[in-house]
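A.B. asks:
Numbering (this note's numbering), first residue to last: 27 to 521.
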């Protein structure tokens, strides 16, 4: 990672950077009313009221339609990108064939409104570092191996930038240290992949940049380039907000556009970002987490069907399937999670890696339509089991960090941890005494275990794993934790 002072010098050659990432579009300047200059003051978004959108869609959209090291390093191969579903002209793009997934994704989103509770707002460097470590340690203790951290929520930045205002959710002004550098380093220290989560078009809760303008894409590219040039991030991540939905203040402004046109505009941006990332560093992943309702996603301009059948768009997709299987439609109960999950799997024609966004925040929630969350506290655990049984689905991302410690979610969390529990056993012999040492994962469950010997007359074992040999023979020792059992056969003559 480059030192902060070195980046100051880097800005002196920004023209070179711009040309490399194709930022020099003809429409780079925009009318001030629609695209303020990077140095112009922009009205800060007010803190998000409870119940409104605050990250990956908190309220599942039903308004349309019917009822750790995830990748191996790959060498890019260049091939033309197929024409999208729109009439847009195909652009030659470096296409990276997704490599086999090495390990299950167990991710969590950390949203901009969670900075303050995590102790990351208006802090000294010493306190910020300490609290960043606490944050990622807790995430690791809950069994996660990746974090999707909000770095650009409102056309802002949580890093020192000459082009974007500093996020008001992290501080009044940019501190004399680099928050993003500290966060990335801390996440990696705890074995977590760090995906930089950005909202591409949003300026405030009520205003977006026009997706049709080249200058809008140029601005998004600039933000992405600043991050991948200066930080050791593992990925760039967009969520489900593209064109505004029906409840948005600017919905009428774009209502006359067809879904086809919206998708064409968004596709150009997605291809451009993918191409820029892969040209710079093929190992940096680019993925999107669209809304779980396919038809609704398409109405926002998210061309998910093209993204999942043609190369040159994404390294992975993570649909937000935020329902239980006890969803009410009229007088009928619909298995909504299963219905949506099956549909997304069918649409994945290119078999790109798929992760599923899960609504942990809904645990224990009263919902007249989706009653399952109130009646059942094993929904997330059950959904993880279904994900694990499915081909071409390689894990999940939880929304969101605060839900891991939210009182109403505690039973969902407990059952989730039990579902993903793993026990590692290692034989240790010291000073003539043999012990079976265990490591429980996730560590939030605690390390206490129960041991049992198949034949105590040959060898007994206590719950600390210490073995007491009585005579020669073969014995099976079984350790248990949260319903998980692991057995080890040993010959006492080898002890």
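For each residue, glycine too, the CB sits at the ideal point set by N, CA and C.
#1: Rounded to whole angstroms, what's the CA-CA distance from residue 428 to residue 520? Just pull it up for me.
#2: Rounding to the nearest angstrom, what Cα-Cα distance links residue 462 and residue 342 in this structure?
#3: Rounded to whole angstroms, how far is the Cβ of residue 264 from the Cβ of residue 423, which I believe are closer than 8 Å?
#4: Please give the ranges of any alpha helix (DSSP H) in the stretch 406 to 492, keeping only runs that are unbroken, at least 4 residues long and fully inside the region.
#5: Please name the residue or residues paired with residue 369 in a DSSP beta bridge.
#6: Note down, in chain order, each residue of its chain lying with its Cβ closer than 7 Å to the Cβ of residue 141, except the 5 sequence neighbours on either side.
#7: Residues bridged to residue 380 by DSSP?
#8: Given residue 487, which residues of its chain have a CB within under 8 Å of its CB, disregarding the five upstream and five downstream residues?
#9: For residue 61, which of helix, strand or coil comes out of DSSP?
#10: Using the Cα positions of residue 299 and residue 358, report the straight-line distance between them to the nearest angstrom.
#11: Please state whether DSSP places residue 398 in a helix, a strand or coil.
#12: Using a 10 Å radius around the Cβ and a threshold of 16 neighbouring Cβ atoms, would you call residue 489 buried or exposed?
#13: For residue 500, which beta-bridge partners are listed by DSSP?
#14: Here's a check: name, in chain order, each residue in its chain whose Cβ is nearer than 6 Å to the Cβ of residue 296, leaving out the five neighbours to either side.
#15: Helix, strand or coil for residue 208, going by three-state DSSP, please let me know.
#16: Should residue 363 and residue 382 be called a contact, given that it needs their Cβ atoms to be closer than 7 Å?
#17: Apart from the five residues on each side of it in sequence, which residues of its chain come closer than 6 Å, Cβ to Cβ, to residue 159?
#18: Beta-carbon separation of residue 505 and residue 475 under 7 Å?
#19: For the structure I just gave you, are there three or more beta carbon pairs, one from the stretch 249 to 260 and one from the stretch 276 to 283, closer than 8 Å?
#20: Rounded to a whole number of angstroms, what is the C-alpha to C-alpha distance between residue 437 and residue 405?
#21: Please confirm if the stretch 152 to 170 is in contact with the stretch 179 to 195, defined as three or more CB-CB distances below 8 Å between the two stretches.
C.D. replies: The relevant details are as follows:
#1: Along the chain shown, one-based indexing puts residue 428 at 402. Along the chain shown, one-based indexing puts residue 520 at 494. If I take the Cα positions, the gap works out to 48 Å.
#2: Position 436 of the chain shown, counted from the first residue, corresponds to residue 462. Position 316 of the chain shown, counted from the first residue, corresponds to residue 342. Near 40 Å, if we compare the C-alpha coordinates of residue 342 and residue 462.
#3: In the chain shown, the residue the question calls residue 264 occupies position 238. In the chain shown, the residue the question calls residue 423 occupies position 397. About 13 Å separates the CB atoms of residue 264 and residue 423; that is not less than 8 Å, and the two are not in contact.
#4: 436 to 445
#5: In the chain shown, the residue the question calls residue 369 occupies position 343. Residue 369 pairs with nothing; no bridge assigned.
#6: As a working note, residue 141 is residue 115 in the chain shown. The residues are 147, 195, 196.
#7: Working through the chain shown from its first residue, we reach residue 380 at position 354. Beta-bridge pairing links residue 380 to 343, 419.
#8: Numbered from 1 along the chain shown, position 461 holds the residue referred to as residue 487. Excluding residues within five positions, the ones whose Cβ falls inside 8 Å are 462, 477, 478, 479, 493, 494, 503.
#9: The residue you call residue 61 lines up with position 35 of the chain shown. With a pLDDT of 31 at residue 61, under the threshold of 50, the predicted position of this residue should be treated as unreliable, and no value is reported.
#10: Against the chain shown, residue 299 aligns to sequence position 273. Against the chain shown, residue 358 aligns to sequence position 332. When rounded, the distance between both Cα atoms is 43 Å.
#11: As a first step, residue 398 must be located in the chain shown, where it is residue number 372. Helix, per DSSP.
#12: As a working mapping, residue 489 is identified with position 463 in the chain shown. Answer is exposed; the Cβ neighbour count stays below 16.
#13: As a position in the chain shown, residue 500 is number 474, starting the count at 1. Per DSSP, 517.
#14: Counted from its first residue, the chain shown places residue 296 at position 270. A distance below 6 Å between beta-carbons, with the five flanking residues on each side excluded, links residue 296 to the following residues of its chain, in chain order: 339.
#15: One-based indexing of the chain shown puts residue 208 at position 182. Three-state DSSP puts residue 208 in a helix.
#16: Start at 1 with the first residue of the chain shown, and residue 363 comes out as number 337. Start at 1 with the first residue of the chain shown, and residue 382 comes out as number 356. It is not a contact, given that the beta carbons lie outside the stated cut-off.
#17: Along the chain shown, read from residue 1 onward, the residue named residue 159 stands at position 133. Cβ neighbours of residue 159 beyond the five flanking positions: 212.
#18: The count along the chain shown starts at 1 and reaches residue 505 at position 479. The count along the chain shown starts at 1 and reaches residue 475 at position 449. A contact, by the Cβ cut-off of 7 Å.
#19: no
#20: Taking the first residue of the chain shown as position 1, residue 437 is located at position 411. Taking the first residue of the chain shown as position 1, residue 405 is located at position 379. Those two C-alpha atoms are separated by around 10 Å.
#21: no
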